[in-house]
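Student:
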Amino acid sequence: MDKASDMYQKTAGAIGAVGEKTSSLFGGIGAKFGQLKETPTFKSFEERVGGVYTAARSKIPGGSGSNSTQDFEEAFKEAEG
Numbered sequence: 195m196d197k198a199s200d201m202y203q204k205t206a207g208a209i210g211a212v213g214e215k216t217s218s219l220f221g222g223i224g225a226k227f228g229q230l231k232e233t234p235t236f237k238s239f240e241e242r243v244g245g246v247y248t249a250a251r252s253k254i255p256g257g258s259g260s261n262s263t264q265d266f267e268e269a270f271k272e273a274e275g
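If you want it as structure tokens, here you go:
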């Protein structure tokens with residue numbers, strides 16, 4: 195093999211190894227997060243955040259939980275009256 199081809203093979207091999215390790219790492223993190231989501235503490239936190247979000251949305255004119263596309267400037271103008 196010539197030098198360029200040899201370097202290509204080494205680089206491709208190294209990139210493949212990094213890809214496998216990265217995939218393994220993120221797979222492990224995903225599994226741990228999945229386990230975390232099932233804990234009572236996380237579920238309680240999730241419910242509180244959801245409640246705060248819902249309360250905040252209800253305070254925004256036209257927000258009442260709908261998927262409004264109204265931007266901040268429009269909401270501010272409406273609030274000013």
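Heads up, the sequence shown is in this note's numbering, so the first residue is 195 and it goes up one at a time.
In this text, a Cβ means the ideal position worked out from N, Cα and C, and glycines have one as well.
#1: What separation, rounded to the nearest whole angstrom, lies between the Cα atoms of Asp200 and Ala206?
#2: What does the Cβ neighbour count give for Lys197, buried or exposed, with the cut at 16 atoms within 10 Å?
#3: Does the beta-carbon of Lys226, which I'm using as the reference point, lie nearer than 7 Å to any heavy atom of the ligand SAH?
Tutor: The short version:
#1: Translated into positions along the sequence shown, residue 200 becomes position 6. Translated into positions along the sequence shown, residue 206 becomes position 12. Cα-Cα distance, rounded: 10 Å.
#2: Along the sequence shown, one-based indexing puts residue 197 at 3. When all chains shown are included, Lys197 counts as exposed.
#3: Among the ligands in the structure shown, none appear at all, so the ligand SAH cannot be discussed.
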